[in-house]
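Quick notes on the structure that follows.
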Amino acid sequence: MDKREFQAESKRLLDLMINSIYTHKEIFLRELISNASDAIDKIYYKALVDDSISFNKDDYYIRITPDEENRTLTIEDKGIGMTKEELEDNLGTIARSGSFQFKKDTEIKDGYDIIGQFGVGFYSSFMVAKKVEVVSRAFGQEEGWKWISEGADGYTVEKVDKDEIGTKIILTLKDGNEDEDYDGYLDEYNLKSIIRKYSDFIRYPIKMNVSEYKKKPDSDDYETVKEEKTINSMVPIWRKNKNELTEEDYENFYSEKHFGYDKPIKWSHMSIDGTLRYDAILFIPERTPYDYYSKEYEKGLELYSSGVLIMNKCPDLIPDYFSFVKGVVDSEDLSLNISREMLQHDRQLKLMAKKIEEKIKDELMGLLNNDRETYERFFSSFGKQIKFGVYNDFGINKEKLQDLIVFHSSTEKKLVTLKEYVERMKEDQKYIYYATGESVEKIDRLPQTEIIKDKGYEILYLTDEVDEFALKIMNQYSEKEFRSVSSGDLGFEEEKITDDEAKEGKDVFRAMKDILGDKVKEVRFSKRLKTHPVCLSSEGEVSIEMEKILRTMSNSSDVKADKVLEINANHPIFEKLKNSYSIDKDKFELYTSILYDQARLIEGLDIDDPVEFADRIAKLM
Ligand code: ADP
Ligand code: MG
4 MDKREFQAES KRLLDLMINS IYTHKEIFLR ELISNASDAI DKIYYKALVD
54 DSISFNKDDY YIRITPDEEN RTLTIEDKGI GMTKEELEDN LGTIARSGSF
104 QFKKDTEIKD GYDIIGQFGV GFYSSFMVAK KVEVVSRAFG QEEGWKWISE
154 GADGYTVEKV DKDEIGTKII LTLKDGNEDE DYDGYLDEYN LKSIIRKYSD
204 FIRYPIKMNV SEYKKKPDSD DYETVKEEKT INSMVPIWRK NKNELTEEDY
254 ENFYSEKHFG YDKPIKWSHM SIDGTLRYDA ILFIPERTPY DYYSKEYEKG
304 LELYSSGVLI MNKCPDLIPD YFSFVKGVVD SEDLSLNISR EMLQHDRQLK
354 LMAKKIEEKI KDELMGLLNN DRETYERFFS SFGKQIKFGV YNDFGINKEK
404 LQDLIVFHSS TEKKLVTLKE YVERMKEDQK YIYYATGESV EKIDRLPQTE
454 IIKDKGYEIL YLTDEVDEFA LKIMNQYSEK EFRSVSSGDL GFEEEKITDD
504 EAKEGKDVFR AMKDILGDKV KEVRFSKRLK THPVCLSSEG EVSIEMEKIL
554 RTMSNSSDVK ADKVLEINAN HPIFEKLKNS YSIDKDKFEL YTSILYDQAR
604 LIEGLDIDDP VEFADRIAKL M
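Just add 3 to the spot in the sequence shown (first one is 1) and you have this note's numbering.
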């Protein structure tokens with residue numbers, strides 16, 4: 004029989020599993036049970052929607068059989084099964100390979116990380132087994148197939164007789180040593196507790212032979228007899244009473260479902276009992292999934308109809324701006340046969356989606372108001388998505404979301420809400436000021452912020468690309484308009500430039516504008532600079548920051564901000580400019596170019612010709 008190679012990624016993952024020192028190896032059982040449950044789901048669903056398929060209800064169970072003598076543990080189901088091709092495809096390659104490829108070798112050391120961060124599914128069995136056999140017969144097939152692997156060097160597939168449809172997984176446990184002992188996975192009592200811990204809510208009975216101490220019939224003596232018992236309670240967690248559930252139950256459910264490999268920051272258990280009845284559990288993850296801000300990411304909640312899974316990720320249940328939310332929704336009022344297209348227009352579904360959205364918002368507002376530290380962790384993972392939500396669709400959702408966004412600020416160490424900002428605005432303050440830049444530290448040093456800080460006004464520090472776009476769409480908050488610190492009108496009386504000064508500047512600035520040409524719209528005295536010599540500001544709709552972003556996005560430079568070069572009249576540099584203007588035209592040209600380039604650098608813009616800039620400085624020296 005030919006030995007086949009694993010696909011490269013699978014091999015790496017297998018190696019990891021085999022050598023893993025992960026402390027919760029018992030989760031392999033959770034993975035195999037969940038696969039068995041998925042397989043039964045598939046055949047159950049088929050039978051439900053297709054009358055020509057008969058399926059015996061008593062067959063919907065999963066059987067666990069430990070065999071101490073041969074040191075094997077068998078997990079068996081009568082689910083949909085796998086064909087030969089499916090065995091090779093599903094078990095020889097990693098379906099969710101993207102998640103694994105994403106991690107570089109250097110990031111994976113002892114396998115802890117990978118197990119912690121990505122659901123490893125079937126391969127986790129290699130943490131405890133030295134040999135894994137999968138015997139399966141697929142629905143609609145006459146023959147069965149047996150897949151065998153003893154580790155990373157490959158697997159074989161051979162034809163076998165199998166009476167029934169379904170899958171049987173036989174693990175031959177590792178031998179164990181002083182450090183690690185695998186016998187626990189043959190121990191009835193231990194197995195029971197693992198099953199209850201991780202798989203209690205699996206909808207199908209998980210059966211196992213357990214010892215019962217019983218009175219012998221027709222005698223007063225007792226004996227130990229083996230009896231098949233259902234180990235799990237089978238009540239889906241969302242149907243259980245909230246009061247009976249612990250934090251751990253929710254966290255286990257979250258990881259069993261592979262909603263994330265972090266711990267959820269928050270969950271919400273809804274049991275709605277009105278004209279429309281449904282149960283839901285919603286989770287807010289802590290960390291951003293690796294593909295979250297990519298096209299691959301699919302939002303959605305698991306949708307059940309009376310306990311039967313009808314869709315893995317129903318996107319219509321949550322809006323895009325809350326696409327990070329994971330969870331399940333189960334309703335008795337949804338038809339099993341409902342198609343994707345019909346779901347989209349389903350009135351019931353829309354009602355549920357609305358309630359769910361409100362609930363998520365309430366939970367987030369609760370965190371924001373009562374546990375700011377956790378909210379900041381949440382916001383650093385998903386805040387960007389909410390800000391996109393403000394901006395997208397022409398700002399249609401801005402009112403709904405505006406109180407959820409937070410920004411850094413010039414006066415506070417923590418992130419602040421718009422409400423907090425407005426509440427402490429100075430009496431004479433007209434606008435909500437903001438400044439944009441790469442980092443808080445860089446923004447804090449921007450010359451344009453000086454005058455506003457001097458007035459004692461707070462400035463919001465915008466560091467995400469989407470920030471300014473979001474504020475532009477909002478336009479105002481609580482009737483206060485947003486205003487960039489670089490904007491022409493700052494909304495207060497600035498120090499007047501005297502008539503003399505203005506006259507002095509006029510010719511100099513016109514000459515500077517001639518030198519700079521299209522690069523600037525105007526050169527003028529600055530009303531906002533205190534200690535710094537120059538800065539750039541913009542006029543009109545497009546700010547300098549937006550120009551930068553639009554340029555990186557479209558790679559073209561069509562959209563340009565109308566830039567104004569501002570000169571500080573009280574800075575010695577102005578005297579120099581004036582002098583050179585009247586006596587040394589070459590030097591004047593040199594100064595002008597250098598000042599312009601400096602202003603660009605301060606703004607975080609690149610300069611047209613760095614070599615020339617360096618040459619000019621050298622010349623000056
Ligand atoms: P996942 O369950 O996330 O898809 P796994 O590694 O757990 O990843 O399983 C890989 C695939 O193998 C499953 O998607 C399924 O197609 C198949 N599979 C595993 N176990 C069974 C089973 N007991 N019955 C039928 N198919 C199975
Ligand atoms: Mg799985």
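Glycine included, every Cβ here is placed at the ideal spot set by N, Cα and C.
Computed from a predicted structure; not experimentally measured.
As assigned by DSSP and simplified to three states, the class of residue i
i, result
"Y48", "helix"
"Y216", "strand"
"N395", "helix"
"E468", "helix"
"D18", "helix"
"D190", "coil"
"V511", "helix"
"T595", "helix"
"S13", "helix"
"R486", "strand"
"L532", "coil"
"T77", "strand"
"F286", "strand"
"I83", "coil"
"I268", "coil"
"G147", "strand"
"T170", "strand"
"R7", "strand"
CA-to-CA distance, residue j to residue i, given in whole angstroms
i, j, result
"P318", "G330", "12 angstroms"
"K625", "P322", "The question about residue 625 has no answer, for the chain in this structure spans 4 to 624."
"R7", "I83", "24 angstroms"
"S481", "L279", "36 angstroms"
"E251", "R33", "15 angstroms"
"N400", "R242", "33 angstroms"
"E379", "F327", "15 angstroms"
"L623", "S583", "13 angstroms"
"D116", "D618", "For D116, the pLDDT reaches just 48, beneath the cut-off of 50, and the residue's location in the model is therefore unreliable, although a value from the coordinates is still provided. Approximately 51 angstroms, taken between the alpha carbons."
"Q432", "E569", "23 angstroms"
"F31", "T159", "22 angstroms"
"G607", "F495", "27 angstroms"
"K429", "K530", "20 angstroms"
"K162", "L19", "29 angstroms"
"P267", "K28", "21 angstroms"
"N468", "E301", "A quick correction: the sequence has Glu, not Asn, at residue 468. Using only the alpha carbons, I get a separation of about 23 angstroms."
"E453", "G459", "10 angstroms"
"Q120", "T26", "Residue placement at Q120 is poorly supported in this model, since its pLDDT is 49, which falls under 50; the coordinates are not used for a value here."
"G386", "Y394", "13 angstroms"
"L354", "G124", "35 angstroms"
"I197", "R66", "14 angstroms"
"A602", "I547", "12 angstroms"
"D224", "K217", "8 angstroms"
"I111", "I56", "Residue confidence is low: I111 scores 47 on pLDDT, short of 50, so the model does not pin down where it sits. No coordinate-derived value is stated."
Near ligand 1: residue i beta-carbon under 7 angstroms from a heavy atom
i, result
"F125", "yes"
"I30", "no"
"I83", "yes"
"A155", "no"
"L54", "Reading off the sequence, residue 54 comes out as Asp, not Leu. No, the beta carbon of D54 sits no closer than 7 angstroms to any heavy atom of ligand 1."
"N193", "no"
"N315", "no"
"T86", "no"
"A50", "no"
"T68", "no"
"N93", "yes"
Distance cut-off 7 angstroms: residue i Cβ against heavy atoms of ligand 2
i, result
"E251", "no"
"S37", "yes"
"E34", "yes"
Rounded distance between the beta-carbons of residue j and residue i, thought under 8 angstroms
i, j, result
"Y424", "L463", "7 angstroms"
"K581", "V511", "6 angstroms"
"Y188", "L176", "6 angstroms"
"K566", "K524", "6 angstroms"
C-beta neighbour in chain C for residue i, strict 8 angstroms
i, result
"L17", "Chain labels in this structure do not include chain C; a single protein chain is all it has."
Note to self: Assess contact between the segment 433-451 and the segment 401-409, defined as three or more Cβ pairs (one per stretch) separated by less than 8 angstroms. Is contact present?
What the structure shows: no
Next item on the list: Would you check if there are 3 or more beta carbon pairs closer than 8 angstroms linking the segment 202-210 to the segment 40-55?
Entry: yes
Check: Do three or more CB pairs link the segment 150-165 to the segment 42-60 at distances below 8 angstroms?
Finding: no
Margin query: Quick check: the segment 349-369 against the segment 227-245, are at least 3 beta-carbon pairs closer than 8 angstroms?
Written below: no
Check: Okay, do the segment 443-454 and the segment 472-479 touch, 3+ Cβ pairs below 8 angstroms being the bar?
Finding: These segments do not touch.
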